[in-house]
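Residue numbers (numbering that gives the first Met the number 0): 0 to 289.
Think of the CB as a built atom: it goes at the ideal place given N, C-alpha and C, for glycine as much as any other residue.
Computed from a predicted model, the values in this text were never measured in an experiment.
Everything on this sheet refers to the single structure shown next.
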Amino acid sequence: MRLSSRTVIVAVALAGMPALAMAQSRRVLASGDPETQLMGYYAAVMQFAPSGFMPAGSRLEIGGDLTLIPPLSAADRTVGFGGTKQEKTNFCPVLPRLRAGASFGRTAIEAGLTPPVTVCGVKATLFSVAVARRLPLSETWGAVVRASALAGTLDAAITCGADAIADPADRTCFGGNISQDQVKPLTFALDGAITYAGWRRHGLEPYVLLGVRRERVDFAVNYTRPSATVTLPALDDHERFRATLTRVHVAAGAAWELSARLRLGGEVFYAPGALLTVRGRASVALGSPS
């Protein structure tokens, strides 16, 4: 039986569909996978933490915060291909974020933004939002319940950077193009804190915090080696990974009102199994705070 050219084209296309679907499918990582631990580390870095709670009353303020990003060792970054390939993740020493907040009596709403500007080889676009409610316990003690969420994208050459594609010893990256990888975090957190108002006359309000967060991080590899070398084949890697974690964290910090308009804040943040870091913020009140 003679097949028409149209029949042959359709048959070839149908035969290629399973391979295409496999190439575009997302692999869900187990919680104990080394890739999951690395992705969870940076998800904890990006957490939209309070770094000092907004005061009660009527207040509108703008400012920003910085989170220290402790560099990871080569062993901690050797997670690719079952723990044999080292990934490039030590880009920036800090994560910056713009913040704005408004308080209405005992309720405060905050929003955060890391704008899409390429710094240290990373282009991060992160959106954050939080709602907090103060609950008085006594004249000097109080509680705060806070819910927050974060979403966005980070673009960086994590799989194969410029140094890796120029290194003949790197059998994965050598001779290829700089990878255009993308990370997409999505985090929801619920925190409970105890605050102390006994130092309010000095402008200080310390607190301790316990929280739980649900993290989902998608990682997309985009790397190509368009032509084969003498010893290495051509390569087109577009793998997709997803890591999902539910973890707790603790923090201790304080808000410090230097004046009626200027407020500083900071905290030590610890996520067991992920990282220990320090966060700081500065905010300026707009209008007439009360």
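Can you give me the Cβ contacts of M21 inside the same chain, cut-off strictly under 7 Å, excluding the 5 residues immediately before and after it? With a pLDDT of only 37 at M21, under 50, the local geometry of the prediction cannot be trusted, and no value is derived from it.
When you compare each of F173, K84, A129 and F52 to G252 by their alpha carbons, which one comes out closest? F52
Taking DSSP as the reference, what is the three-state secondary structure of V220? Coil, per DSSP.
Apply the 10 Å Cβ neighbour rule to H237 and answer buried if 16 or more other Cβ atoms are within range, or exposed otherwise. exposed
For my contact list, L231 and R239 are in at a C-beta cut-off of 8 Å; report their separation, rounded to the angstrom. Actually they do not touch by this definition, with Cβ atoms about 23 Å apart.
A227 (DSSP reduced to helix, strand or coil): coil
Hey, is the segment 214-224 in contact with the segment 192-200, meaning 3+ C-beta pairs nearer than 8 Å? no
Counting along the chain, where does the alpha helix (DSSP H) carrying G100 start and finish? First-last for G100: V93 to G104, but that is the beta strand (DSSP E), not the alpha helix (DSSP H).
Pairs of beta-carbons, one from the segment 145-160 and one from the segment 174-182, closer than 8 Å: are there three or more? yes
For R260 and A242, believed in contact at Cβ under 8 Å, the rounded distance: About 42 Å separates the two Cβ atoms, so there is no contact after all.
Name the residue from A129, V143 and V128 whose alpha carbon lies nearest to the alpha carbon of P135. For the residues A129, V143 and V128, the minimum Cα distance to P135 belongs to V143.
Check the C-beta distance from L67 over to P95 and give it rounded, since I have them as a contact under 8 Å. Actually they do not touch by this definition, with Cβ atoms about 11 Å apart.
My parser needs the beta strand (DSSP E) runs of 3 or more residues fully inside the segment 166-216; what are they? 180-195
For V277, which three-state DSSP category applies? strand
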